[in-house]
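Reviewing the structure listed below.
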Amino acid sequence: MGIVAFLSGMLVFVILLMCIAVLSREKIKLTRKVRSYTGPVTIERSMKKKIDYLGMWMNFIRYVGLRLQMLPKLKNFDSKMQQAGLSLLGSEFLAAVCTVSLLSGVLGMMLTMHLEYAAFISIGVAAACFCYLNILISHRKQAFSNQLGDVLSMMSNAMRSGFSFMQAMDLIAKEMKPPVSVEFSKAIAEIQLGADTETALLNIGKRIESSDMDLVITAVLIQRQVGGNLAQILDTIAATINERIKMKREIKTLTAQGRLSSWVLAALPVAVAGLASVMNPQYLDPFFDEPIGRICLAGAIISELIGFWVIRKIVDIDV
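If you want it as structure tokens, here you go:
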């Protein structure tokens, strides 16, 4: 059981390492951008090593990603990268996941000398990477929705003071925080490159996939064809979105106990198993050594996942 505990720690370490690599890439890009304005500065030797290692890693990922671009349906992954706000291609992300999963499987094989354990670790790491991607997309979409009411109010006030719709969009891109500023900056860049306003707005909707943003885009497109007071329309939509956000927060407060219960019930068997393995390392060996034990363990894990999913679906009320 000591090996199992060590492998669990290694699994967490590999996941954290990948998260740090993605976040460090953004910090390094920002550092290089600042240095281009401030001139050469002295960098610590350890920082140089980090940049070099990360550069080697990214070059390898790009090389493998180029080989994976010929696979079908990778454009869906490209849109996922845009929704998550990652400056990666879908093929590059898939290459990173495959590489980390393969390395973790090899490491698990070296430590346990059991193929099934190594396969379980490899699949677990890959699943954790995709779960992390979905979490990034969900958080970014939620952040965009929370900012949307303020965005519409600012745009309506700007147009009342004489700004055009394009100037109001440029104001949002300059004054608001990400992810709203990033998405509106992309839309302005598309318009400057020759796309019309309707296409740029529809592309924002594709990248965000928010029902609130779809409502805004539909209203703007109808107004541009039919006419009307766009500032007043945006104010009305902003009030509707703010009321919806307020209701979502109230529902989130009322369902907090159910959401916490899902995590507690999911973590309780794992915690009990970990405590039992510490107090008596041989107590759980039959679950790993005997075929019937492995079947029971797999059934328990599947039941845990199903129960967690059912509880989350019950407390996840769509407004």
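Counting from 1, one number per residue, gives the positions in the sequence shown under the UniProt record's numbering. Glycine is no exception: its CB is placed at the ideal position from the N, C-alpha and C atoms.
Asked, Found
"Alpha-carbon spacing of Ile237 relative to Leu230, whole angstroms", "10 Å"
"Residues near Val97 in its chain [Cβ-Cβ closer than 6 Å; skip 5 each side]", "Ala126, Cys129"
"Length-filtered (4 minimum) alpha helix (DSSP H) runs lying within the segment 254–300", "256–279, 285–289"
"Residues near Phe184 by beta carbon distance below 7 Å, same chain, minus five either side", "Met169, Ile172, Ala173"
"Below-9 Å beta-carbon distance, Arg294 vs any chain D residue", "Judged by its chain identifiers, the structure shown contains no chain D, having just a single protein chain."
"Among Gln257, Ser277, Phe288, the one whose alpha carbon lies nearest that of Asp316", "Gln257"
"Separation of Asn157 from Gly149, as counted between CA atoms", "12 Å"
"Enclosing alpha helix (DSSP H) for Met176 [first to last residue]", "Counting along the chain, Met176 falls outside any alpha helix (DSSP H), and DSSP gives it neither H nor E."
"Cβ-based burial, Ser211 [other Cβ within 10 Å; buried from 16]", "exposed"
"Distance CB(Leu234)-CB(Ile217) smaller than 9 Å", "no"
"Exposure label - Lys246; buried when at least 16 CB within 10 Å", "exposed"
"Local conformation of Glu243 per DSSP, three classes", "helix"
"Burial state of Ile295 (16 or more Cβ within 10 Å)", "exposed"
"Host alpha helix (DSSP H) of Leu107 (start-end)", "90–112"
"Contact between the segment 135–148 and the segment 81–91 (3+ Cβ pairs under 8 Å)", "yes"
"Where Val180 falls, given that 16 or more other Cβ within 10 Å makes a residue buried", "buried"
"Sequence-distant residues of the same chain with beta carbon closer than 6 Å to Phe308, five excluded per side", "Ser262, Ala266"
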